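Asker:
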Amino acid sequence: MKKNIYLATMAAAALLTGLSSCDKKAESTQTSGIATIACDASFENILSQEIDVFEYIYPDASIIPYYVDQNAALDSLLSLKTRMAVITRPLTDKELAYLKSEKKIVHQTQIAVDALALIVNPENPTEIMDKKELAEILTGKITKWSDVVVNKNLGDIAVVFDHQGSSTVQYMRDSLMNGAEFGPNIYAQKNPEDVFKAVANNKNAIGVIGVSWITSDMGGQEMTREEMVKAVDNPANDSTSNASFNNKIKVLKVRGNNEVTAYKPYQYYIYEGLYPLYRQIYLVSTGAPGSISHGFYSFVTGFKGQKIMLMTGVLPKVVHPRMVEISE
Numbered sequence: 060m061k062k063n064i065y066l067a068t069m070a071a072a073a074l075l076t077g078l079s080s081c082d083k084k085a086e087s088t089q090t091s092g093i094a095t096i097a098c099d100a101s102f103e104n105i106l107s108q109e110i111d112v113f114e115y116i117y118p119d120a121s122i123i124p125y126y127v128d129q130n131a132a133l134d135s136l137l138s139l140k141t142r143m144a145v146i147t148r149p150l151t152d153k154e155l156a157y158l159k160s161e162k163k164i165v166h167q168t169q170i171a172v173d174a175l176a177l178i179v180n181p182e183n184p185t186e187i188m189d190k191k192e193l194a195e196i197l198t199g200k201i202t203k204w205s206d207v208v209v210n211k212n213l214g215d216i217a218v219v220f221d222h223q224g225s226s227t228v229q230y231m232r233d234s235l236m237n238g239a240e241f242g243p244n245i246y247a248q249k250n251p252e253d254v255f256k257a258v259a260n261n262k263n264a265i266g267v268i269g270v271s272w273i274t275s276d277m278g279g280q281e282m283t284r285e286e287m288v289k290a291v292d293n294p295a296n297d298s299t300s301n302a303s304f305n306n307k308i309k310v311l312k313v314r315g316n317n318e319v320t321a322y323k324p325y326q327y328y329i330y331e332g333l334y335p336l337y338r339q340i341y342l343v344s345t346g347a348p349g350s351i352s353h354g355f356y357s358f359v360t361g362f363k364g365q366k367i368m369l370m371t372g373v374l375p376k377v378v379h380p381r382m383v384e385i386s387e
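Its first residue numbered 60, the sequence shown is counted upward by one per residue in the working numbering.
1. If I'm right that K312 touches E186 with Cβ under 8 Å, what's the distance once you round it to whole angstroms?
2. In whole angstroms, give me the CA-to-CA distance for V270 and V373.
3. Give me the Cβ distance between I273 and N305, rounded to the nearest whole Å; I'm assuming they're in contact under 8 Å.
4. Who are the near neighbours of V359 in its chain, counting only those whose CB is closer than 7 Å to its CB and skipping five residues on each side?
5. So what's F241 in DSSP terms, helix, strand or just coil?
6. Can you tell which of R142, K309 and P149 has its C-alpha closest to the C-alpha of E161?
7. Considering only their Cβ atoms, is the gap separating N261 from A217 smaller than 9 Å?
8. Between P335, L133 and E114, which lies nearest to L155 when the distance is taken from Cα to Cα?
9. To which residues does DSSP link Y126 through a beta bridge?
10. Indicate whether N210 and K309 have their beta-carbon atoms separated by less than 9 Å.
11. Could you pull the DSSP bridge partners for M143 from this structure?
12. Between V319 and P335, what straight-line distance do the alpha-carbon atoms span, to the nearest angstrom?
13. Using a 10 Å radius around the Cβ and a threshold of 16 neighbouring Cβ atoms, would you call M287 buried or exposed?
14. In three-state terms, what does DSSP make of L155?
15. Which one of K191, V165 and P149 has the shortest CA to CA distance from S344?
16. Alpha carbon to alpha carbon, how far is L177 from I146?
17. Could you tell me which whole beta strand (DSSP E) segments of length 3 or greater appear in the region 170 to 202?
18. With 16 other CB atoms within 10 Å as the buried threshold, where does V325 fall?
19. Along the chain, where does the alpha helix (DSSP H) containing G364 start, and where does it finish?
20. Using the Cβ count rule (16 or more neighbours within 10 Å means buried), how would you classify A144?
21. Measuring alpha carbon to alpha carbon, tell me which of S234, K159 and G242 ends up nearest S138.
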């Protein structure tokens, strides 16, 4: 990829060196004390809201997040620098065996399903893309918008990812490209927010981004912690009736291979298996029973934590969305 991410990588490494010192402090109870968590940066918007509500409800608790690429999050967990990680897969048998040899009790579960949205500039007339077409764009077989949509005002396609080592990049490589190399038209940013900005400012760009970054209100980012807690407790937020996307970008409908109908990444379509670009989100904890790490794990996997997931736009594991009329 064209953008040098050396500095970002070094910054992430520096952050991780501080993980172990924080987690060495006493974890007094499930609702008080200090704990760290290493999180795939793609899910920062989700985890930050979980932490805000947890710390508001339990003011003696402090959860310190480190947003890094997935490999760094796994490394920090396996090197015992942190007791929690948010990643896109469960631990392997080998990883579980290693932690067991270190006398760690592992709790892991899927907490949500994240849709990967394809976003373009509102000036781009494209409305639908299928998986085969996307794969050909990623590998460089298709490099111009004129091969996708009839429009003389568009030029070369620029595909924008969050950063080179992200799980989003890995997903596309593993799920769509069958081992092929990325084409020359792929660009790495620093984080998902930069993907959003790049697409909003460039009519030739197409971004690949987690759905939690493109909801219309991004409400949890702007609410106070007290407002967020009230929103979680409000039954009106139990469904996706207000589901919509930010109007600064356009969200494409995506069609699976050999499928007729294309879908946008609304939670109901993810739940029904109709939206084809999705991945699991897992929370892993090696915190001892009674520790704050275990308390936060229980919170995220419980009703309130899952309700927060619903409000961010991802599909929670246990709170199922109701079908609503969606305005396109």
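Ideal Cβ positions, reconstructed from N, Cα and C, are used throughout, including at glycine. Remember, predicted model here, so these are calculated numbers, not experimental data.
Answerer: Taking the geometry as given:
1. About 6 Å separates the two Cβ atoms, so the contact holds.
2. 6 Å
3. 5 Å
4. E109, I170 and L342
5. coil
6. R142
7. Yes, these two residues count as a Cβ contact at 9 Å.
8. L133
9. C98
10. no
11. S344
12. 12 Å
13. buried
14. helix
15. Relative to the Cα of S344, the nearest Cα in the group K191, V165 and P149 belongs to V165.
16. 21 Å
17. 187 to 189
18. The question names Val, yet the displayed sequence has Tyr at residue 325. Counting the other Cβ atoms within 10 Å of the Cβ of Y325 gives 16 or more, which makes it buried.
19. F362 to T371
20. buried
21. When each option's Cα is compared against that of S138, the closest is K159.
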